[in-house]
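> Before I ask anything, let me first share the structure, which is written out below as structure tokens.
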Amino acid sequence: MNCRIAICQINPKLGLVADNLQSHHQWLDRCLEQKADFALFPELSLTGYILRDLTSDVALTLDSPQIGEIVARSKDISIAFGFVEHSPDHRFYNSFVFAEDGVIKHVHRKVHLPDYGIFEEGRYFAAGNNFTTFESKHGRFGFLICEDAWHLSSAWLHFLQGADALLVPVASPSRGIKTDGAHLASQKSWHELCAAQSKFLQTWVVRCNRVGYEDGVLFDGESAINSPAGEVVAAAHHSEEDLVVYELTSSALKRARVETPLRRNAHANLVRRQLAIIANDPDLSGLIDDE
Amino acid sequence: MMSSNIPQPPTCNVELAERVLIGFLKSETQRIGMTKAVLGMSGGIDSALVLELAVRALGPENVLAIALPYRESDPLSLELAQKGADNAGCKFSVIDISPLADAYFEQHPELSNGETEAARLRRGNVFSRLRMTALYDQSAAANGLVFGTSNKTELLLGYGTQHGDMASAINPIGDLYKSQVVALSRHLGVPSAIVDRPPSADLWQGQTDEEELGFSYDAIDALLHAMVEQRLNRDELVALNFAPEFIDLINTRVQRNQYKRRPPLIAKVTGRTINLDYRYARDWGT
């Protein structure tokens, strides 16, 4: 892979798709000026996050003119953006589209919908059912939308499918002021999570968080890119809109994987066998969730 | 009441809190096309802190601090309110609520003095709601928002007047415990005369919060933090050396005052009742 990726750390307006569409155009212009190959937006970038009953109002079908407008721009730059997907059977998904060369190449529907604490996604969205890695002309990618990344199995599935980079669009409500450092507690968790996943899955991790407030809730930015060695190689500001451009390379992937061949020794079949055993173990019934 | 090895009140990363709360005031004011704020200054730490946050968020020229004394209020309250406003560098004005309150009390002679506890409480609520009336009117005149000054400790305890001092458009410190308010106030340079003054609702001469509540704010904050943030149950709290009667008293108080923290109940007759199943963020469309 070789990909000059741009993190678009934007502040979407709540429920105003037309305004957000306009801002996506402006950010894509900026990405092109920076000669980026790929523009990554945050979770629900076209709609804002605390949607509640707006969910069905702001939803778009994949063949809607608004989605088509952005997809058309992917002739010039590969694009990944978030929106509420209205499916033909009238379910609503927290989805992410990857578009390249003027067509939709991949859609990921968020699998893990948080519905605890401040979160209400389980109330409004239908859940996706897979983590499928996809090929782009710039490399092999897998999406983890926010909470998807907190379940370690999600990233591991992309790892097994040969992902070069995990793309992690986020709308993370920041919280926790009982900390010593420079980051809110929830943000610190994100930094730790991405550092660990990039290091132990030996992939690039590109996390694009949003910024701004909704109903008193801060989304604190600090988007970042972790190298396959786990190090932060590029980072965006907290709290403010920011554009970060960085080149993801194959050579960094190779270095990490030669040094410690975790991928070669993943033993996926062993895991598959044991998963089947665990899932059928009557002593464990109740512990294993079959959806 | 408690032995020495009990949990401490919650700490606060003051730099982070400052950034988050200033950003909050700026965003939630300006996104609806407003630029100005009005707030009532009691001479206490909560309003002095909110004022410091407000002038940093909107600029001192866009913030109006108003003291609203009653003729029996402690003169020190007015003095410290002025001191807080001077420190923040914003405009300051005084609205005497005595004629308003006395006009009402004249019609209700049982309120002419605070001899009984019930009368003291009612008078206190009248003062608080008259101040709210004046503040909201002044906010309309200034085309600004009323900034709230209730902290999390008093919101949880219900130690405030509904539609009185609890009323505001937006509140930057409602998720900070009193001990965190103190830490942030010191960080932002609130005058020490205000920070070190024993907290008081100033509803009658010599009143202090801690005397009226029966416990120190540090003790209450430590318990509330363990109950609310850490979700510890009664047995776990007792194991941490909180006295059972203290736990029960505070717990009852928090529960009984839940009504003050919620909008009025609406009788449900349709399929989409406001706030139950007609659910939109307040920042909808901004």
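Protein sequences, first through last, are from chains P and C. Add 740 to a position in the first sequence, counting from 1, and you land on the number used in the working numbering. Add 33 to a position in the second sequence, counting from 1, and you land on the number used in the working numbering. From the three backbone atoms N, C-alpha and C, an ideal C-beta is built for every residue, glycine too. Model, not experiment: these values are computed from the prediction.
Closer than 6 Å by C-beta to residue 123(C): which residues in its own chain qualify, once you throw out the five before and the five after it? Chain order, please.
If we look at residue 123(C) and ignore the five residues flanking it on each side, its Cβ neighbours are 88, 93, 96, 98.
> Can you find a C-beta in chain P that's less than 8 Å from the C-beta of residue 53(C)?
So, interface residue.
> Tell me whether the segment 1014-1029 of chain P and the segment 233-251 of chain C touch, counting them as touching only if at least three CB pairs, one residue from each stretch, are closer than 8 Å.
Taking 8 Å as the limit for Cβ pairs, the verdict is that the segment 233-251 of chain C does not touch the segment 1014-1029 of chain P.
> Classify residue 781(P) as helix, strand or coil using the three-state DSSP reduction.
The answer is coil: DSSP assigns residue 781(P) none of H, G, I, E or B.
> If distances are taken between C-alpha atoms only, which option among 68(C), 153(C), 277(C) comes closest to residue 268(C)?
Taking only the C-alpha atoms, the option nearest residue 268(C) is 277(C).
> Nearest-angstrom Cα distance between residue 840(P) and residue 221(C)?
Whole-angstrom Cα-Cα distance: 50 Å.
> Output, in chain order, the set of chain P residues within a Cβ distance shorter than 8 Å of residue 61(C).
Neighbours of residue 61(C) on chain P, chain order: 953, 956.
> Shortest alpha-carbon distance to residue 887(P) belongs to which of 920(P), 849(P), 1019(P), 876(P)?
When each option's Cα is compared against that of residue 887(P), the closest is 849(P).
> Assuming residue 755(P) and residue 794(P) form a contact by the criterion Cβ under 8 Å, report the distance between their Cβ atoms to the nearest whole angstrom.
Confirmed, Cβ separation roughly 5 Å.
> So which residues of chain P does residue 102(C) contact, with C-beta pairs closer than 8 Å?
Simply none; closest approach about 31 Å.
> Could you name the residues that DSSP lists as bridge partners for residue 849(P)?
Bridge partners of residue 849(P): 835(P).
> My output table needs one value for residue 97(C): the three-state DSSP class, helix, strand or coil.
Looking at residue 97(C) - three-state DSSP - the assignment turns out to be strand.
> Going by DSSP, what residue range makes up the alpha helix (DSSP H) through residue 10(C)?
Within the shown structure, residues of chain C are numbered from 34 to 319, placing residue 10(C) beyond reach of any answer.
> Which same chain residues, not among the five before or five after residue 194(C), have their C-beta less than 6 Å away from its C-beta?
For residue 194(C), where only same-chain residues beyond five positions count, the Cβ hits under 6 Å are 158, 161.
> Closer than 9 Å, Cβ to any Cβ of chain C: which residues of the segment 772-788 of chain P, in chain order?
Those residues of the segment 772-788 of chain P that come within reach of chain C (Cβ to Cβ, closer than 9 Å) are 788.
> Using the Cα positions of residue 828(P) and residue 866(P), report the straight-line distance between them to the nearest angstrom.
C-alpha separation (whole angstroms): 13 Å.
> Identify which residue in 817(P), 844(P), 803(P) has its Cα closest to the Cα of residue 780(P).
The residue with the shortest Cα to Cα distance from residue 780(P) is 817(P).
> Short of 8 Å Cβ to Cβ, which residues in the segment 745-759 of chain P face chain C?
Under the 8 Å Cβ criterion, the segment 745-759 of chain P contributes 753, 754, 755, 756.
> Going along chain P, which residues have a C-beta under 8 Å from residue 95(C)?
By Cβ distance, chain P contributes nothing, its closest Cβ being about 19 Å from residue 95(C), past 8 Å.
> Quick one: list the residues of chain C neighbouring residue 928(P), beta-carbon separation under 7 Å, in chain order.
The contacting residues do not exist; residue 928(P) stays about 11 Å from chain C at best.
> Quick check: the Cα distance between residue 112(C) and residue 78(C), rounded to an integer number of angstroms?
So the two alpha carbons sit approximately 13 Å from each other.
> Leaving out five residues on either side along the sequence, give the residues of the same chain with a beta carbon under 7 Å from the beta carbon of residue 47(C).
Here the set comprises 216, 217, 220.
> Inspect the CB distances between the segment 921-937 of chain P and the segment 743-758 of chain P and report whether three or more fall short of 8 Å.
No, the segment 921-937 of chain P is not in contact with the segment 743-758 of chain P.
> Could you tell me how far apart the beta carbons of residue 907(P) and residue 770(P) are, in whole angstroms, since I believe they sit closer than 8 Å?
Their Cβ separation, rounded to whole angstroms, is 19 Å, which puts residue 907(P) and residue 770(P) out of contact at 8 Å.
> Pull up the DSSP beta-bridge partners for residue 826(P), would you.
Note: residue 826(P) sits in a beta bridge opposite 832(P).
> Along the alpha helix (DSSP H) that carries residue 158(C), what are the first and last residues, could you check?
Per DSSP, residue 158(C) belongs to the alpha helix (DSSP H) from 150-175.
> If the cut is a Cβ gap below 9 Å, which residues of chain P does residue 194(C) touch?
By Cβ distance, chain P contributes nothing, its closest Cβ being about 22 Å from residue 194(C), past 9 Å.
> What in chain P is Cβ-close to residue 57(C), meaning under 8 Å?
The contacting residues are 953, 956, 958.
> By how many angstroms is the C-alpha of residue 1028(P) removed from the C-alpha of residue 869(P)?
The straight-line gap from Cα to Cα measures roughly 16 Å.
> Going by Cα to Cα distance, which pick from 784(P), 898(P), 847(P), 973(P) is closest to residue 1008(P)?
Of the candidates 784(P), 898(P), 847(P), 973(P), the one whose C-alpha sits nearest the C-alpha of residue 1008(P) is 898(P).
> Candidates 861(P), 965(P), 741(P), 811(P): which alpha carbon is nearest residue 791(P)'s?
Per the Cα distances, 861(P).
> State the Cα-Cα distance for the pair residue 953(P) and residue 55(C), rounded to the nearest angstrom.
So the two alpha carbons sit approximately 11 Å from each other.
> The beta strand (DSSP E) that contains residue 302(C), what's its start and end?
First-last for residue 302(C): undefined, no H or E at that position.
> Helix, strand or coil, according to DSSP, for residue 1025(P) in the structure here?
Residue 1025(P) falls in the strand class under three-state DSSP.
> Suppose contacts are defined by Cβ-Cβ distances below 8 Å. Is residue 759(P) in contact with residue 316(C) by that definition?
No, the pair does not count as a contact, with Cβ atoms beyond the cut-off.
> Quick check: what's the CA-CA separation for residue 166(C) versus residue 200(C)?
Rounded to the nearest angstrom, the two C-alpha atoms are 10 Å apart.
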